[in-house]
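Those letters in the sequence shown? Residues -21 to -1, 1 to 160, per mature numbering (1 follows the signal peptide of the UniProt record, and there is no 0), in order. In what follows, a structure is listed as C-alpha coordinates, so that the remarks can point back to it.
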Amino acid sequence: MTRGWILAGCMTLLVTTACSARDPAETPPDGENISRASLVGVDNAQYGEVIVAEGDKGLLVKITAQGMKPGPHGVHIHETGKCEGPDFKSAGGHWNPGKKAHGFDNPDGAHMGDFFNLDIGKDGTGSMEAMVAGASLKDGENALLDGDGAAFVIHEGPDDLKTDPSGESGGRIACGVFSGG
(Lines of atoms letter the chains of each structure in order from A and count residues from 1; the text may use other names and numbers.)
(Lines give C-alpha, C1' and ligand atoms only; values in the text may rest on other atoms or scores of the structure.)
Protein backbone atom coordinates (compact mmCIF):
# COMPACT_ATOMS: atom_id res chain seq x y z
CA MET A 1 0.00 0.00 0.00
CA THR A 2 2.84 2.40 0.83
CA ARG A 3 4.46 1.76 -2.57
CA GLY A 4 1.19 2.74 -4.28
CA TRP A 5 1.02 6.02 -2.37
CA ILE A 6 4.67 6.78 -3.18
CA LEU A 7 4.07 6.09 -6.88
CA ALA A 8 0.91 8.23 -6.84
CA GLY A 9 2.84 11.03 -5.14
CA CYS A 10 5.68 10.81 -7.67
CA MET A 11 3.24 10.86 -10.60
CA THR A 12 1.37 13.83 -9.10
CA LEU A 13 4.63 15.70 -8.50
CA LEU A 14 5.92 14.99 -12.01
CA VAL A 15 2.65 15.97 -13.70
CA THR A 16 2.27 19.05 -11.45
CA THR A 17 5.81 20.15 -12.28
CA ALA A 18 5.18 19.70 -16.00
CA CYS A 19 1.98 21.78 -15.72
CA SER A 20 3.04 24.49 -13.30
CA ALA A 21 2.57 27.33 -15.82
CA ARG A 22 -0.83 26.01 -16.94
CA ASP A 23 -4.32 26.09 -15.51
CA PRO A 24 -4.49 23.19 -13.01
CA ALA A 25 -7.80 22.07 -14.52
CA GLU A 26 -6.09 21.38 -17.86
CA THR A 27 -4.32 18.13 -18.66
CA PRO A 28 -0.54 18.28 -19.02
CA PRO A 29 0.84 18.87 -22.51
CA ASP A 30 2.82 16.28 -24.39
CA GLY A 31 6.43 17.19 -24.06
CA GLU A 32 9.93 15.96 -23.66
CA ASN A 33 9.12 13.94 -20.52
CA ILE A 34 5.43 13.09 -21.04
CA SER A 35 3.57 11.07 -23.64
CA ARG A 36 -0.07 10.07 -23.83
CA ALA A 37 -2.30 7.65 -25.68
CA SER A 38 -6.03 8.21 -26.11
CA LEU A 39 -7.74 4.80 -25.93
CA VAL A 40 -10.27 4.26 -28.72
CA GLY A 41 -12.36 1.19 -29.52
CA VAL A 42 -13.10 -0.31 -32.92
CA ASP A 43 -16.45 1.51 -32.65
CA ASN A 44 -14.51 4.83 -32.32
CA ALA A 45 -15.78 5.26 -28.75
CA GLN A 46 -13.39 6.89 -26.28
CA TYR A 47 -12.33 4.44 -23.57
CA GLY A 48 -9.84 6.53 -21.62
CA GLU A 49 -6.24 7.61 -21.65
CA VAL A 50 -2.76 6.47 -20.70
CA ILE A 51 -0.17 9.00 -19.57
CA VAL A 52 3.50 8.04 -19.42
CA ALA A 53 5.99 10.28 -17.64
CA GLU A 54 9.73 9.75 -17.54
CA GLY A 55 11.16 9.60 -14.03
CA ASP A 56 14.64 9.00 -12.66
CA LYS A 57 14.27 5.21 -12.51
CA GLY A 58 11.95 4.53 -15.41
CA LEU A 59 8.54 5.32 -16.82
CA LEU A 60 5.59 6.17 -14.60
CA VAL A 61 2.35 4.99 -16.21
CA LYS A 62 -1.17 6.12 -15.33
CA ILE A 63 -4.11 4.35 -16.97
CA THR A 64 -7.63 5.77 -16.75
CA ALA A 65 -10.45 3.83 -18.43
CA GLN A 66 -14.19 4.39 -18.82
CA GLY A 67 -17.10 2.80 -20.66
CA MET A 68 -15.57 -0.65 -20.33
CA LYS A 69 -17.11 -4.03 -19.49
CA PRO A 70 -16.66 -4.71 -15.74
CA GLY A 71 -14.00 -7.18 -14.64
CA PRO A 72 -10.26 -7.66 -15.11
CA HIS A 73 -8.67 -6.78 -18.44
CA GLY A 74 -5.16 -7.47 -19.69
CA VAL A 75 -3.35 -4.23 -20.58
CA HIS A 76 -0.02 -3.91 -22.34
CA ILE A 77 2.28 -1.52 -24.14
CA HIS A 78 2.70 -2.77 -27.70
CA GLU A 79 5.75 -2.38 -29.91
CA THR A 80 4.32 -0.40 -32.85
CA GLY A 81 2.55 2.95 -32.83
CA LYS A 82 -0.44 1.92 -34.99
CA CYS A 83 -4.03 1.23 -33.99
CA GLU A 84 -5.84 0.06 -37.10
CA GLY A 85 -9.13 -1.82 -36.72
CA PRO A 86 -10.86 -4.06 -36.62
CA ASP A 87 -8.45 -6.03 -34.41
CA PHE A 88 -5.59 -3.59 -33.63
CA LYS A 89 -3.02 -6.23 -34.66
CA SER A 90 -1.19 -3.33 -36.34
CA ALA A 91 0.16 -2.51 -32.85
CA GLY A 92 2.32 -5.65 -33.06
CA GLY A 93 3.37 -7.69 -30.06
CA HIS A 94 4.16 -6.53 -26.56
CA TRP A 95 6.96 -4.04 -26.11
CA ASN A 96 9.84 -6.34 -25.20
CA PRO A 97 13.31 -4.83 -25.73
CA GLY A 98 14.81 -7.35 -23.27
CA LYS A 99 13.54 -10.35 -25.29
CA LYS A 100 11.90 -11.97 -22.27
CA ALA A 101 8.88 -14.26 -22.00
CA HIS A 102 5.43 -12.91 -21.11
CA GLY A 103 4.17 -12.35 -17.60
CA PHE A 104 5.22 -11.68 -14.06
CA ASP A 105 4.47 -15.31 -13.10
CA ASN A 106 6.70 -16.66 -15.88
CA PRO A 107 10.25 -17.43 -14.67
CA ASP A 108 11.55 -16.12 -18.03
CA GLY A 109 9.42 -12.93 -17.98
CA ALA A 110 8.22 -10.26 -18.05
CA HIS A 111 8.08 -8.03 -21.13
CA MET A 112 8.63 -4.33 -20.42
CA GLY A 113 5.12 -3.82 -21.81
CA ASP A 114 3.49 -6.22 -19.33
CA PHE A 115 1.25 -4.96 -16.54
CA PHE A 116 -1.00 -6.52 -13.96
CA ASN A 117 -4.69 -6.62 -14.90
CA LEU A 118 -6.74 -3.43 -15.00
CA ASP A 119 -9.84 -3.92 -12.84
CA ILE A 120 -12.94 -2.25 -14.22
CA GLY A 121 -15.73 -1.64 -11.70
CA LYS A 122 -19.47 -2.05 -12.11
CA ASP A 123 -19.66 1.58 -13.23
CA GLY A 124 -17.40 0.79 -16.21
CA THR A 125 -14.41 2.76 -14.90
CA GLY A 126 -11.00 1.79 -13.65
CA SER A 127 -7.55 3.20 -13.14
CA MET A 128 -4.10 1.95 -12.39
CA GLU A 129 -0.60 3.32 -11.88
CA ALA A 130 2.60 1.40 -12.49
CA MET A 131 6.30 1.86 -13.11
CA VAL A 132 8.38 0.39 -15.92
CA ALA A 133 11.83 0.28 -14.34
CA GLY A 134 14.82 0.95 -16.56
CA ALA A 135 12.77 2.37 -19.44
CA SER A 136 12.85 5.84 -20.98
CA LEU A 137 10.67 7.75 -23.40
CA LYS A 138 13.13 8.22 -26.26
CA ASP A 139 16.75 7.62 -25.30
CA GLY A 140 18.70 4.41 -24.79
CA GLU A 141 18.15 0.71 -25.40
CA ASN A 142 14.80 0.65 -23.60
CA ALA A 143 13.23 3.70 -25.26
CA LEU A 144 9.46 3.54 -25.65
CA LEU A 145 9.25 5.99 -28.55
CA ASP A 146 11.63 4.40 -31.03
CA GLY A 147 11.43 4.71 -34.83
CA ASP A 148 8.00 3.05 -35.12
CA GLY A 149 6.51 4.39 -31.88
CA ALA A 150 4.41 2.41 -29.42
CA ALA A 151 0.77 1.80 -28.57
CA PHE A 152 -1.26 0.83 -25.52
CA VAL A 153 -3.84 -1.95 -25.80
CA ILE A 154 -6.69 -3.11 -23.56
CA HIS A 155 -7.74 -6.74 -24.06
CA GLU A 156 -11.21 -8.23 -23.61
CA GLY A 157 -10.26 -10.63 -20.82
CA PRO A 158 -7.85 -11.05 -17.91
CA ASP A 159 -4.16 -11.75 -18.40
CA ASP A 160 -3.00 -14.98 -16.73
CA LEU A 161 0.42 -13.31 -16.22
CA LYS A 162 2.39 -16.30 -17.57
CA THR A 163 1.36 -17.59 -21.00
CA ASP A 164 3.30 -16.41 -24.06
CA PRO A 165 2.73 -14.26 -25.97
CA SER A 166 -0.13 -12.31 -24.34
CA GLY A 167 -1.37 -14.09 -21.23
CA GLU A 168 -4.44 -15.58 -22.93
CA SER A 169 -6.11 -12.17 -22.48
CA GLY A 170 -8.27 -12.37 -25.58
CA GLY A 171 -8.95 -9.89 -28.36
CA ARG A 172 -7.83 -6.28 -28.43
CA ILE A 173 -10.79 -4.02 -27.67
CA ALA A 174 -9.18 -0.57 -27.27
CA CYS A 175 -5.94 0.92 -28.53
CA GLY A 176 -4.08 4.22 -28.36
CA VAL A 177 -0.89 5.47 -30.00
CA PHE A 178 1.59 7.32 -27.78
CA SER A 179 2.26 10.87 -28.90
CA GLY A 180 4.78 13.49 -27.87
CA GLY A 181 8.01 12.68 -26.17
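Heads up, the beta-carbon is just placed ideally off N, CA and C, and yes, glycines get one too.
query	result
Could you work out which residue in Met47, Arg151, Lys78, Leu116 is closest to Gly105 when comparing CA atoms only?	Met47
Scan the stretch 60 to 111 and note each continuous beta strand (DSSP E) run of 3 residues or more that stays entirely inside, going in chain order.	97 to 99
Can you tell me whether DSSP reads Lys41 as helix, strand or coil?	strand
To the nearest angstrom, how far is it from the Cα of His81 to the Cα of Ala70?	17 Å
What residues in its chain sit with their C-beta under 6 Å from that of Glu111, if we drop five residues either side in the sequence?	The residue asked about is misnamed: residue 111 is Val in this sequence, not Glu. Closer than 6 Å at the Cβ level, and outside the excluded window around Val111, lie Gly37, Leu38, Met91.
Closest to Gly103 by CA distance: which of Val31, Tyr26, Leu18 is it?	Tyr26
According to DSSP, what are the bridge partners of Gly27?	Leu18, Ala44
Less than 8 Å between the C-beta atoms of Val29 and Gly155, yes or no?	yes
Using the three-state DSSP reduction, which class does Pro49 fall into: helix, strand or coil?	coil
If you drop the 5 nearest sequence neighbours on each side, which residues of the same chain put their C-beta closer than 6 Å to that of Gly64?	Val21
Who are the near neighbours of Gly60 in its chain, counting only those whose CB is closer than 7 Å to its CB and skipping five residues on each side?	Asp127, Gly128, Ala129, Ala130, Val156, Phe157
Let me know the secondary structure DSSP gives Phe131 once reduced to three states.	strand
Name the residue from Asn121, Glu108, Asp84, Lys117 whose alpha carbon lies nearest to the alpha carbon of Gly77.	Asn121
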